[in-house]
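In my numbering, the protein residues as written are 2 to 362.
Every residue gets a Cβ at the ideal spot worked out from N, C-alpha and C, and that includes glycine.
Below is one structure; the comments refer to it alone.
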């Protein structure tokens, strides 16, 4: 049953946002918001969050514009919605304050629960930030000391909506952690950054179903090392298999390092660099990667790259894979079983001539 309409909530939201829309009265009308946002707004209204539903409809074009600048996937969005009573009590929130409640990532409940204390969550606000302020032992997740209420109200895999107890504060200051007074920087000590440089890509991978590879990246201490001007720049390409492809290795701890390293390349290879016949050396001795490309579908050692440029910046690229990259002996054995080959060799020619057309990549 739909929630009752609250005239006071509507007046507050409309009056606070009217100034943002009047400056654009002479511009062409913006395109309609994606169906996910329309569905989210309807669900919010039906769930009793009428004020945030109206807010989402009124500033959807601003949200989409900022999300496109912040994220590789403009359809990804997490919304943190205060109750209608908070809108009534607060008064007229600014646009910057409202945008603090939108993150340009699809953050599932499990993703938020996995984040350590004081992890930073990107938001669309130009002046404020969000931080995890709950501990792993806490029953409820809190962000900027405001608790999340229950499970998501809406989640279609792209847009996720959480209810929160109140507005996030724009003036929230990240707490300082207690430092060990006996620790002093010295030539024998390694200095770490408080957060890994793999943090953002880990969130993205988790939101897209690559939880295991995201966990591997989170465990890499190199991501926490402080880099100075004399340090060589870090360059890395990750070929990330889906979780379903890796679960078969779950009990074989001795294979974890080799499994992870053979999906890494110590340089940056964007989708446009992966040309047919390209040979790439990785971290495993004597193991190279060969790129085959047919009809804009790329294969690395016979495994289809199903999500090219899943994440990228100037030093890190992640390509999503359909399955695990096999070792050379595994390839030879499989080819021998399937085609009756009497001998195996290291120069394996993968038959991808019948690959489907994925030209949308």
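- Between the alpha carbons of residue 49 and residue 216 lies a distance of about 37 Å.
- Between the C-alpha atoms of residue 58 and residue 39 there is a straight-line separation of about 8 Å.
- If you draw a straight line from the Cα of residue 323 to the Cα of residue 245, it comes to about 9 Å.
- With contacts defined as CB atoms closer than 9 Å, residue 269 and residue 315 qualify as a contacting pair.
- Secondary structure of residue 289 (DSSP, three-state): strand.
- The residue among 205, 235, 208, 198 with its C-alpha nearest the C-alpha of residue 220 is 198.
- Distance from the CA atom of residue 125 to the CA atom of residue 102, rounded to whole angstroms, is 8 Å.
- In the three-state reduction of the DSSP assignment, residue 236 falls in the coil class.
- Comparing alpha carbon positions, the residue from 165, 170, 107 closest to residue 97 is 170.
- Taking C-beta separations shorter than 6 Å and ignoring five residues to either side along the sequence, the partners of residue 157 in its chain run 37, following chain order.
- Partner residues in a beta bridge of residue 106, as assigned by DSSP, do not exist.
- Cβ contact annotation for residue 260 (same chain, cutoff 8 Å, sequence separation greater than five): 247, 250, 325, in chain order.
- The alpha-carbon of residue 121 is positioned some 9 Å away from that of residue 200.
- Where residue 317 is concerned, the enclosing beta strand (DSSP E) starts and stops at 317 to 322.
- Residue 93 and residue 311 have their C-alpha atoms some 38 Å from each other.
- For residue 200, the enclosing alpha helix (DSSP H) has its first and last residue at 200 to 208.
- In the three-state reduction of the DSSP assignment, residue 51 falls in the helix class, which pools H, G and I.
- Take residue 41, set aside five residues on each side of it, and the residues of its chain with a beta-carbon closer than 6 Å to its own are 155, 160, 162, in chain order.
- In the DSSP secondary-structure assignment, residue 149 is bridged to 165.
- Annotation: residue 264 to residue 113 spans about 26 Å, alpha carbon to alpha carbon.
- With a cutoff of 9 Å on beta-carbon distance, residue 129 and residue 173 are scored as near each other.
- For the set 89, 321, 133, 87, the Cα lying nearest the Cα of residue 307 is the one of 321.
- Take residue 210, set aside five residues on each side of it, and the residues of its chain with a beta-carbon closer than 7 Å to its own are 243, 244, in chain order.
- Of all alpha-carbon atoms in 78, 148, 82, the one lying nearest the alpha-carbon of residue 56 is that of 82.
- Residue environment for residue 274: exposed (fewer than 16 other C-beta atoms within 10 angstroms of its C-beta).
- Between residue 149 and residue 99, the C-beta gap is not smaller than 9 Å, which leaves the two residues out of contact.
- Looking only at 277, 328, 294, the smallest Cα-Cα distance to residue 283 is reached by 328.
- Residue nearest to residue 138 within the set 236, 151, 118, 123 is 118 (criterion: CA-CA distance).
- With a beta-carbon spacing of about 37 Å, residue 237 and residue 140 fall beyond the 8 Å limit used to define contacts.
- For residue 311, the enclosing beta strand (DSSP E) has its first and last residue at 304 to 313.
- For residue 151 and residue 285, the gap between their C-alpha atoms comes out near 45 Å.
- Here the C-alpha atom of residue 87 lies approximately 9 Å from the C-alpha atom of residue 52.
- If you compare the alpha carbons of 212, 106, 300 with that of residue 67, the shortest gap goes to 106.
- Put simply, of 303, 299, 205, 272 the residue whose alpha carbon is nearest the alpha carbon of residue 78 is 205.
- The C-beta separation of residue 277 from residue 293 comes to about 6 Å, placing the pair in contact by the 8 Å criterion.
- CA-CA distance, residue 166 to residue 54, rounds to 16 Å.
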